[in-house]
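Engineer: Residue numbers (my numbering), protein chains in the order written: chain A, 131 to 240; chain B, 4 to 127.
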């Protein structure tokens, strides 16, 4: 069974930089997993921030960036703002048509 | 602007079948560049992918749910649907529908447009 791992929680100070990661049990995340990152605020629809590893969706501020760091996908927020406080979900496309989500990271800005 | 809207009963009895429909507006469900899918989120937990369908009939299911789930598409109504059989309390969740990029789409493999979600509670 494929398991995608994320930090359960993270905190960042306003104006600070934070990097959230997305790993794959027993393996490495690569660009061929087309990692994407989804932001979810309680009670609202999910919003896709990043797809294809590092491509920002339309209207997403450039303080959000995606990359591969070592054997994981990463989402970096540079200059965090209060309204960045959300849950962040990573999802990998496994090529066999199957998508697998991580457990999500709850980001606190304080 | 593309919009997706989930609809269906908010309460389903245990062991019965959960049925949901997603209505797509502002774009065609027959677009060759996209798949259409269902994702759910149990209360307080993460997102779980359920299934995807292409208008031409190509279908993928989450292996952990395969056998209980059926996804279908109605191009004449610009809708796609989900049926989940033999539900239990563990199937209580907010169910989202979303669009996923196909091979030639700008967002291959990724979901871009999402519905607002609908809460389905399984009661015993």
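Just so you know, even glycine gets a beta-carbon here, dropped at the ideal spot from N, CA and C.
What residue range does the beta strand (DSSP E) around residue 216 of chain A cover?
Structural biologist: No beta strand (DSSP E) holds residue 216 of chain A; DSSP gives it neither H nor E.
Engineer: If you measure between the beta carbons of residue 134 of chain A and residue 222 of chain A, is that distance less than 7 Å?
Structural biologist: Their beta carbons are under 7 Å apart, which means residue 134 of chain A touches residue 222 of chain A by this criterion.
Engineer: Let me know the secondary structure DSSP gives residue 94 of chain B once reduced to three states.
Structural biologist: In this structure, residue 94 of chain B counts as helix in the three-state DSSP scheme.
Engineer: For the candidate residues B/80, B/61, B/82, B/54, whose alpha-carbon lies nearest to that of residue 70 of chain B?
Structural biologist: Taking only the C-alpha atoms, the option nearest residue 70 of chain B is B/54.
Engineer: Which whole-angstrom value describes the C-beta separation of residue 183 of chain A and residue 198 of chain A, a residue pair presumed to lie in contact below a C-beta threshold of 8 Å?
Structural biologist: The Cβ separation is near 6 Å, so the contact holds.
Engineer: Does any C-beta atom of chain B lie closer than 7 Å to the C-beta of residue 178 of chain A?
Structural biologist: Yes, contact with chain B.
Engineer: So which of A/163, A/188, A/227, A/145 has the shortest CA-CA distance to residue 204 of chain A?
Structural biologist: Minimum Cα distance to residue 204 of chain A is reached at A/163.
Engineer: Pull up the distance between the alpha-carbon of residue 80 of chain B and that of residue 73 of chain B, whole angstroms please.
Structural biologist: Taking the straight line from one Cα to the other gives about 18 Å.
Engineer: Cβ of residue 112 of chain B less than 7 Å from any chain A Cβ?
Structural biologist: At least one chain A Cβ lies under 7 Å of residue 112 of chain B.
Engineer: Answer yes if the stretch 9-17 of chain B comes into contact with the stretch 229-240 of chain A, meaning at least three C-beta pairs across the two stretches below 8 Å, and no otherwise.
Structural biologist: Contact fails: fewer than three Cβ-Cβ distances are below 8 Å.
Engineer: Enumerate in chain order the residues of its own chain whose CB-to-CB distance from residue 50 of chain B is below 6 Å, with the five nearest sequence positions on each side excluded.
Structural biologist: Closer than 6 Å at the Cβ level, and outside the excluded window around residue 50 of chain B, lie 42, 44.
Engineer: Helix, strand or coil: how does DSSP classify residue 198 of chain A here?
Structural biologist: In this structure, residue 198 of chain A counts as strand in the three-state DSSP scheme.
Engineer: Within a Cβ cutoff of 8 Å, which residues of the same chain sit near residue 160 of chain A, ignoring the five residues on either side of it in sequence?
Structural biologist: 198, listed in sequence order.
Engineer: Helix, strand or coil, according to DSSP, for residue 32 of chain B in the structure here?
Structural biologist: The answer is coil: DSSP assigns residue 32 of chain B none of H, G, I, E or B.
Engineer: Using a Cβ-Cβ cut-off of less than 7 Å, list which residues of the stretch 158-185 of chain A approach chain B; keep chain order.
Structural biologist: Answer in chain order: 164, 166, 175, 176, 178, 181, 182.
Engineer: Mind listing the chain A neighbours of residue 119 of chain B? Cutoff is C-beta to C-beta under 7 Å, in chain order.
Structural biologist: Per Cβ cutoff of 7 Å: 175.
Engineer: Given a threshold of 16 other Cβ atoms within 10 Å of its Cβ, counted over all protein chains shown, does residue 35 of chain B qualify as buried or as exposed?
Structural biologist: Counting Cβ neighbours within 10 Å, residue 35 of chain B comes out exposed, since fewer than 16 surround it.
Engineer: For the candidate residues B/47, B/38, B/83, B/52, whose alpha-carbon lies nearest to that of residue 61 of chain B?
Structural biologist: Among B/47, B/38, B/83, B/52, the Cα nearest to that of residue 61 of chain B belongs to B/38.
Engineer: Identify, in the order they occur along the chain, each residue of the same chain with its Cβ nearer than 6 Å to the Cβ of residue 85 of chain B, setting aside the five sequence neighbours on each side.
Structural biologist: So the qualifying residues of the chain are 23, 41, 74.
Engineer: Relative to the alpha-carbon of residue 226 of chain A, which residue among B/102, B/46, B/91, B/106 has its alpha-carbon at the smallest distance?
Structural biologist: Checked all of B/102, B/46, B/91, B/106; the closest Cα to residue 226 of chain A is B/106.
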